[in-house]
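Visitor: Just so you know, we're using the numbering used here here: the sequence shown kicks off at 1 and counts up by one.
Could you have a look at this structure, given as structure tokens, before my questions?
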Amino acid sequence: MNYKNLGNTNIKVSTICLGTMTWGEQNTKLEAFEQMVFSLDQGVNFWDTAEFYAGPQKKKPTVIRRN
Numbered sequence: 001m002n003y004k005n006l007g008n009t010n011i012k013v014s015t016i017c018l019g020t021m022t023w024g025e026q027n028t029k030l031e032a033f034e035q036m037v038f039s040l041d042q043g044v045n046f047w048d049t050a051e052f053y054a055g056p057q058k059k060k061p062t063v064i065r066r067n
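Right, here's the structure in full:
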């Protein structure tokens, strides 16, 4: 497994991340634990537990009136 520093720290995180967003919906509890154990055995130490990421806010158009 390859690792990189997390930002400007000396914390090493794996370059492969395990995403967990769909756990509990698209797999069973047993399957989730199997995935955790497998990823740890492979050296993964970076897990993304976010449910979702919001997109950038859309800017409202500027309206200029002419008199």
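For every residue, glycine included, the Cβ atom is placed at its ideal position computed from N, Cα and C.
#1: In this structure, does DSSP put V63 in helix, strand or coil?
#2: Pull up the DSSP beta-bridge partners for L18, would you.
#3: Quick check on the DSSP output: the alpha helix (DSSP H) that includes K4 runs from which residue to which?
#4: So is V63 in contact with chain D if we call contact Cβ pairs under 9 Å?
#5: Along the chain, where does the alpha helix (DSSP H) containing K58 start, and where does it finish?
#6: Quick one: what's got a C-beta closer than 8 Å to S14's C-beta in the same chain, skipping five residues either side?
Guide: Checking against the coordinates, here is how it stands:
#1: Taken through DSSP and simplified to helix, strand or coil, V63 comes out as coil.
#2: Per DSSP, W47.
#3: Where K4 is concerned, there is no enclosing alpha helix (DSSP H), although the beta strand (DSSP E) it sits in stretches over Y3 to N5.
#4: No chain D is part of this structure, which consists of one protein chain only.
#5: Counting along the chain, K58 falls outside any alpha helix (DSSP H), and DSSP gives it neither H nor E.
#6: Result list for S14: M1, N2, Y3, G43, V44, N45 and F46, in chain order.
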